[in-house]
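Trainee: Chains as they are written, first to last, in the working numbering: chain A, 1 to 281; chain B, 1001 to 1281.
Don't be surprised by glycine CBs; every beta carbon is placed ideally from N, CA and C.
If you want it as structure tokens, here you go:
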């Protein structure tokens, strides 16, 4: 998808959210916003908004000298790990564990500091487990999983990764080989290898990084190794709005599991904001 | 009040609202947003946000070659005139007509295209006529009106001006001389002489303009004639958030009648967004 006029206020909102993670100094916040306005002015409208937000978050990290989201990512991983035993039980006890785990993976996508600063995870779980969600290609997903031996799983956010763990466990329990992909380095609250280690993912499946600090998966900025993995993958599970923005145009057989959190993406999809999707490419 | 970081996304939102009044051309909208980003980058944080929004609306009018709000102002004046007979009746039938008219003047302030693009005027009227509003200095207002012979009434928005007419009628009915003030030229959906004429205000009271195209009342940009009027006024009735932002620091005896519509102003006041105020300076 492309960038729209309505993305511009959100670019600044994202900047403010990032700055407030690290500093209460209003003067510094205001100077920083003014400093990044040229980054926003240079937005390529033909590219997904994830390009501009990637540049923005790079500029903020560079200027502040550290990753604004490091602490909150750790906190959300811990909080989600606290929910894990009960969620694991819910999956195991359910009539269709893969369905339940897929829905919970969508529920976990509510954790996104690019858009929200507070998270109603219990509300999100309840909504995700209702019979109907806005787009539900689960039957195709089930068929695709059955047909394939290996799955490339593109992770999204900290906290959410614990919910992904539930789905990866179910996929592996059905005999599939899952390779999970984290970001090459810090960007927003996206997971890196540090987060995967915190939630014990490498004990469960192979975890690799995509060599990139981009929001979503901007293929031309990923490592040659990742691109080779992506090319040869039979089936991709893509988590989150950023991955949808950046990968919805590729021809790869992909299932996008996410919540359409912003007005722009929702309008592009013809859905209302807050919609949940398990969407076939 | 000063400008805060949270004003920046709103500066862009206001730009988008203005552009969409005149053009559906997304390419033009996007180019215009990029063109006005330097105006936003130049924001003086020690001044009220109304300074920056004034510069923004000037840049937009200049670039588009016309006033984006002219048609919608006309429409909202007509809509409000349609409500006028029933509202007039409500004022006359009420136990305390001045109280009712003051509250309806606050209700009318919900019409503001700087912040909203849709207006729930009936809901606003209902809320305004409830016994309690967030700040209610009506007893002081009543006393101040009784003590004075003449009132300078700073108008705000189109549509809302019909609600102001109700209050001006009540003030004049109690023997006060009211001078109503419009903007010197077009800015956002603020009233100019054209709007005053459309709603018949000059038949009721003297109407003058402040010689300025600023959001709110930025005294140093108003005409010498207006400043002289303002200086000598015994009592000022100030409508709207823009006038509050720009006049709350003056020592003039003023009553601010408005709805605190944005998060920044509401936080500054210690109120929740959407609060209604009849506030003594």
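Let me know the secondary structure DSSP gives residue 4(A) once reduced to three states.
Mentor: Looking at residue 4(A) - three-state DSSP - the assignment turns out to be coil, as it is neither helix nor strand.
Trainee: Would you list the one or two residues that DSSP bridges to residue 190(A)?
Mentor: In DSSP, residue 190(A) forms a bridge with 157(A).
Trainee: Would you say the stretch 1204-1219 of chain B touches the stretch 1178-1189 of chain B, given that touching needs at least three Cβ pairs under 8 Å?
Mentor: Yes: at least three Cβ pairs fall under 8 Å.
Trainee: From the DSSP output, in three-state form, read off residue 268(A) for me.
Mentor: Note: residue 268(A) maps to helix in three-state DSSP.
Trainee: Rounded C-beta distance between residue 1109(B) and residue 1027(B)? I'm assuming under 8 Å.
Mentor: That pair is no contact at about 35 Å.
Trainee: Please report the distance separating the alpha-carbon of residue 84(A) from that of residue 158(A).
Mentor: Roughly 14 Å separates the two Cα atoms.
Trainee: Using a cut-off of 8 Å between C-beta atoms, extract the partners of residue 1006(B) located in chain A.
Mentor: Going along chain A in sequence order, the residues near residue 1006(B) (Cβ under 8 Å) are 16.
Trainee: At a Cβ cut of 7 Å, what residues of the stretch 1015-1044 of chain B count as close to chain A, listed as they run along the chain?
Mentor: Residues passing the 7 Å Cβ filter: 1016, 1026, 1029, 1030, 1033, 1034, 1037, 1040, 1041.
Trainee: So, does the stretch 79-97 of chain A touch the stretch 35-44 of chain A, judging by three or more C-beta pairs under 8 Å?
Mentor: Segments in contact, no.
Trainee: For residue 128(A), tell me which candidate among 7(A), 258(A), 30(A), 269(A) has the shortest Cα-Cα distance.
Mentor: Nearest option by C-alpha distance: 258(A).
Trainee: Could you pull out every residue in the same chain whose Cβ sits closer than 7 Å to the Cβ of residue 266(A), ignoring the five residues on either side in sequence?
Mentor: Around residue 266(A): 260, 272, 273, 275.
Trainee: Quick check for students: name the residue ranges of the beta strand (DSSP E) that lie wholly in the stretch 208-274 of chain A, counting only runs of 3 or more.
Mentor: Here the runs fully enclosed are 236-239, 254-260.
Trainee: Between residue 1012(B) and chain A, is the shortest Cβ-Cβ distance under 9 Å, so that the two count as touching?
Mentor: Yes, contact with chain A.
Trainee: Considering only the alpha carbon of each residue, which of 55(A), 49(A), 4(A), 139(A) lies closest to residue 255(A)?
Mentor: Minimum Cα distance to residue 255(A) is reached at 139(A).
Trainee: Cutting at 8 Å between CB atoms, please list the residues of its own chain near residue 15(A), excluding the five before and the five after it.
Mentor: Closer than 8 Å at Cβ, skipping near neighbours: 32, 33, 36, 56, 60.
Trainee: Where does residue 1151(B) sit, in a helix, a strand or coil, going by DSSP?
Mentor: If DSSP states are grouped into helix, strand and coil, residue 1151(B) belongs with the strands.
Trainee: Output yes if chain B places a C-beta closer than 9 Å to the C-beta of residue 9(A); else output no.
Mentor: Yes, its Cβ sits closer than 9 Å to a Cβ of chain B.
Trainee: Whose C-beta lies closer than 6 Å to the C-beta of residue 19(A) among residues of the same chain, with five residues either side of it excluded?
Mentor: Taken in chain order, the residues that qualify are 29, 32.
Trainee: What are the start and end residues of the alpha helix (DSSP H) that includes residue 34(A)?
Mentor: It spans 26-41 - the alpha helix (DSSP H) in which residue 34(A) sits, taken as one unbroken run.
Trainee: Could you have a look at residue 1093(B) and say whether DSSP puts it in helix, strand or coil?
Mentor: Correct three-state label for residue 1093(B): helix.
Trainee: Could you tell me which whole alpha helix (DSSP H) segments of length 4 or greater appear in the stretch 40-82 of chain A?
Mentor: Listed in chain order, the complete alpha helix (DSSP H) runs (minimum 4 residues) inside the stretch 40-82 of chain A are 49-64.
Trainee: Taking 8 Å as the cut-off, is the beta-carbon of residue 1113(B) closer than that to any non-hydrogen atom of the ligand COA?
Mentor: Among the components modelled here there is no ligand, and therefore nothing to report on the ligand COA.
Trainee: Taking residue 125(A) as part of the alpha helix (DSSP H), name the residues at either end of that continuous run.
Mentor: Here the alpha helix (DSSP H) through residue 125(A) covers 121-128.
Trainee: In angstroms with no decimal places, state the Cα-to-Cα distance between residue 105(A) and residue 237(A).
Mentor: Using only the alpha carbons, I get a separation of about 11 Å.
Trainee: Taking all protein chains shown into account, decide if residue 1131(B) is buried (16 or more other Cβ within 10 angstroms of its Cβ) or exposed.
Mentor: The residue is exposed, with fewer than 16 neighbouring Cβ atoms inside 10 Å.
Trainee: Take residue 243(A) and list the residues in its own chain whose beta-carbon comes closer than 8 Å to its own, dropping the five residues that flank it on each side.
Mentor: Here the set comprises 154, 156, 216, 217, 256, 258.
Trainee: Please state whether the Cβ-Cβ distance between residue 1107(B) and residue 1135(B) is less than 9 Å.
Mentor: In this structure, residue 1135(B) does not lie closer than 9 Å to residue 1107(B) by Cβ.
Trainee: Helix, strand or coil: how does DSSP classify residue 1195(B) here?
Mentor: Residue state, collapsed to three classes: helix.
Trainee: Let's test the definition: count the other Cβ atoms within 10 Å of the Cβ of residue 164(A) and tell me whether it reaches 16, buried, or not, exposed.
Mentor: Flag for residue 164(A) reads buried.
Trainee: Can you grab the Cα-Cα spacing for the pair residue 1021(B) / residue 1133(B), in whole Å?
Mentor: Their backbone Cα atoms lie some 32 Å apart in a straight line.
Trainee: Who are the near neighbours of residue 51(A) in its chain, counting only those whose CB is closer than 7 Å to its CB and skipping five residues on each side?
Mentor: For residue 51(A), where only same-chain residues beyond five positions count, the Cβ hits under 7 Å are 44, 218.
Trainee: Would residue 176(A) be called buried (16 or more neighbouring beta carbons within 10 Å of its own) or exposed?
Mentor: Answer is buried; the Cβ neighbour count reaches 16.
Trainee: If you check the beta carbons only, do residue 23(A) and residue 64(A) fall under 9 Å apart?
Mentor: Going by C-beta atoms, residue 23(A) is nearer than 9 Å to residue 64(A).
Trainee: What does DSSP give as the partner residue(s) for residue 178(A) in the beta ladder?
Mentor: Residue 178(A) is bridged to 151(A).
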